[in-house]
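Encoded as structure tokens, the structure appears first; notes follow it.
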Amino acid sequence: MSQSFARSQSYIDVSTIRAAMTDLSSWFVKAYTHPMITDARRLDAGGISQKWETDAPVDGPDDMKCTSLPTSGGNNSNLVKNRTSAPHHSWESPTTQRLKPDRATKPSKRSAEAGSLASHKKRRVEENIKQKQLDSGDLDEAEPATLLPASREPTLSHEQHIRKVLQALGVNDLQPGSWEDLFLQLFKPTVHNNGCKEQLKDFSIRCKEETRGKSLVHMDDFLTQPAGEEWDTHDKEIDSEWASLVNDVVKLSEGVVNHKKMSKPSGPLNAVLACVWHYPTYATDKADWGHTMDRTNPSIAVQYTKFGPSPFVRSQDRIPFREQYGRNGVSWDTIYPHWEKILSRCDQFSRWLNGHSKIIMLIGEDNAKAFLDAVQLDDSLEQVKVRLRLKDFTMFTEVVGVPHRPFIIVVREKETKRIRRLVLFSYHTQYFMYTHNEAVGAYHDLLWNTACVMAGVEIQHPTNFLAMVEKNKQGKSNTSFSKNGPVQLVVYMRNQEKQSGKLWSEGEVRSRFRATLERHPEICLSRDAETGSWILPLLLHWCRKGNETQERNRAVNPKEKKVKKTNGIWVEPDVDLQSLLTFEPTLYKSLPTDSHRCQERDRVLNSKLQALFKTLQVRRRLSTDPTLLRDKMMKDTQKALKDLGTKDRKYTGVWLSRHVVWYAKDIPNGLRYVGDGGPESDDFPYDQKDHPAVKLESRWMSRDDFLKAHGTEDGTESK
């Protein structure tokens, strides 16, 4: 009897639980389609997670509620502090409430199937929430409220991060410890910097004891606030000096600088650590009334990943107004009148800021070259260069006039040798989106981590630079969509127009693409008649350019080209529109497989060899008896010509590139070959005179030498 009762009691408990789960599953089906939860699943990098407790509640058990934390993307230290109060996307249910006996009925087959379907949907939602990246961050399941960068390895301990950096640096004689201790062990003692290591230890202690400022607002606030007519106030002392700088720069530039496009420093004046960038670009979601610490910029996002939106760090630009990014630099003096006065005024403001900080991180080679303009020195101070014991790479080969290995600058008092300021040099973070040098990545992690430790700033990602290098070596991209190039920026801005419904003005478009419009006079900037957009004509120009390239490539070898028309552009199935707009692909790059690339490369090389052997001077040299050639160089050239095509592809390609200038649109007098994309007719008299584009004994140092001697870029003969 007791056993029967026990079995019955057990059956009731199980069925009770099943009934409760069925009710929960039914409620979840309703919740799954609720608009607020749907919006939460569609969060983007710059959004704020929805509060699910609304005036229109979802019908469900009274003991269930759903809450979420406000997020700002990246690594938010405030989220970590609030872990216990509101877990991110957590389901809360009282454990003390007992199930009612009257619900202990065995569920039907139909309700069981519905419960199974609802459970499946529940798992899908939970997986989507866990896997959803917020501003390149992943949810750490161990700490639900923590947002981690996509490449972070949360399982690594401090010692493991240290060993990882040491292994990449290739330094075996360092003793693992703190980041600061590790960095000091790299010091290379000399007569000039004798005692610097002990002085820096004392300097680090004083930095930690320093009364540091704190930003009055969150670094990301300006990104989510509605469009206004002013900047955020991070520090009231900076506000007054900033207003004076804005007025002076606009006046000196005669109105060329738009005050709305100026980027205000982020963070407090009395920050121990200051990060100095060169100039802001238009690769941002907030071009007007912006700030330096802008995580929507791909380069600044790397700093954001290192220590998050820390309110104790000041970020600033040496030139604090936006300009279009240029791979070869910006011609500041040709764009802005009175440029020397403008730069001097900006440096004055930057020195005033840096005078309130003890550690100054200069980012990029342009800032490194001008480091004397960033630090105020008087007769009582001296600067000492401290080299580091790293042999695998050099940095900033023109800084201080000589090539050198990584180093830092110590500013100290002449009499007491007491260190007043520390100047650190970092590559621009864009460099780490492409490099494969692990030693450079590890050194920068060590450098930035040391600065954070000395300044008392929490490190969010100890090895983010090294992680970027590792992704590059694996062939993965560190930016989902770069916004720096002109074509990428056009696509990005047009997407913003379509999403927001707000069109960019003509002045904004011309200022952002000033350099592009100067380089491409064929671009006719005008308002699109249908949409009213000034950006769309630029986008259509690049589309036509890509279309012409694909048509030209397809005409060269139509049998091996399988293309389809997408949005008016001929593209291959394996080539997406984004890749097509990013660069103008050569023929062999646009072919889908490695074997096709090799075949096409060989075809082009053979065409060039046939063109070379058709020239008069080559035929004459090959037909000459070697015994009649007195000059050794002429004999060597004859032997090299006979070897062409018989040795490896690399040897042949190098020889041709040194001795022949080939035809191109801007080099019409170059040597023609089959498939060069030029006119069908070639009227050069090959049997009557030597071709000017071919040198046998000497080499072409550059194509400019050929253009000066035989023709200009517009095709006219030089005089």
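If you're matching positions, the sequence shown starts at 1060 in my numbering and goes up one per residue.
In this text, a Cβ means the ideal position worked out from N, Cα and C, and glycines have one as well.
By the neighbour-count criterion, in which 16 or more other beta carbons inside 10 Å mark a residue as buried, residue 1217 falls on the exposed side. In the structure shown, residue 1563 adopts coil according to DSSP, grouped into three states. Taking C-beta atoms as the reference points, residue 1425 and residue 1350 fail to come closer than 7 Å. For residue 1472, the beta-bridge partners assigned by DSSP are 1440. In this structure, DSSP gives residue 1550 a helical state, which the three-state scheme calls helix.
Burial is judged here by how many other beta carbons sit within 10 angstroms of a residue's own beta carbon; residue 1674 has at least 16 and is buried. Fewer than three pairs of CB atoms, one per stretch, sit closer than 8 Å, so the segment 1524 to 1532 makes no contact with the segment 1332 to 1347.
Rounded to whole angstroms, the gap between the alpha carbons of residue 1334 and residue 1602 is 39 Å. If you look at residue 1336, you'll find it in the beta strand (DSSP E) that goes 1332 to 1336. Taking 4 residues as the minimum length, the alpha helix (DSSP H) runs contained wholly in the segment 1564 to 1599 are 1565 to 1571 and 1573 to 1578, in order along the chain. By the CB criterion at 7 Å, residue 1372 and residue 1328 fall outside the cutoff. The three-state reading of DSSP puts residue 1407 in helix, counting H, G and I together. DSSP lists 1335 as the bridge partner or partners of residue 1375. The DSSP-derived three-state label of residue 1394 is helix. About 13 Å separates the Cβ atoms of residue 1742 and residue 1722, ruling out a contact at the 8 Å cut-off.
Of all alpha-carbon atoms in 1562, 1231, 1380 and 1504, the one lying nearest the alpha-carbon of residue 1405 is that of 1380. In this structure, residue 1502 and residue 1449 form a Cβ contact; the two beta carbons are roughly 6 Å apart against a cut-off of 8 Å.
Assigned with DSSP and collapsed to three states, residue 1276 falls in coil, not helix or strand. When the five nearest sequence neighbours on each side are left out, the beta carbons in the same chain lying within less than 8 Å of the beta carbon of residue 1711 are those of 1664, 1668, 1703 and 1704, in order along the chain.
DSSP places residue 1452 outside both helix and strand once states are collapsed to three, so it counts as coil.
Residue 1383 and residue 1671 have their C-alpha atoms spaced approximately 42 Å apart.
Secondary structure within the segment 1239 to 1312: the alpha helix (DSSP H) runs of 4 or more consecutive residues, fully enclosed, are 1255 to 1268, 1280 to 1283 and 1295 to 1311 (chain order). Look at residue 1679 here: in three-state DSSP terms it is helix.
The beta-carbon separation of residue 1505 and residue 1755, rounded to 52 Å, does not stay under the 8 Å limit for a contact. Residue 1314 and residue 1759 have their C-alpha atoms some 46 Å from each other. In its chain, beyond the 5 residues on either side, 1235 and 1241 have a beta carbon closer than 7 Å to the beta carbon of residue 1221.
When the beta-carbon positions are compared, residue 1766 and residue 1750 stay at least 7 Å from each other. Annotation: residue 1480 to residue 1227 spans about 29 Å, alpha carbon to alpha carbon. DSSP, reduced to helix, strand and coil, places residue 1743 outside both helices and strands of the structure shown, so it counts as coil. Residue pairing by DSSP places residue 1325 opposite 1374 in a beta bridge.
Inter-residue distance for residue 1214 and residue 1290 is about 40 Å (C-alpha atoms, whole angstroms). Looking at 1575, 1582, 1592 and 1473, the one whose alpha-carbon comes closest to that of residue 1386 is 1575. About 5 Å separates the CB atoms of residue 1469 and residue 1443; that is less than 8 Å, so the two are in contact. In the three-state reduction of the DSSP assignment, residue 1499 falls in the helix class, which pools H, G and I. In the three-state reduction of the DSSP assignment, residue 1487 falls in the coil class. Beta-bridge annotation (DSSP): residue 1466 is paired with 1446.
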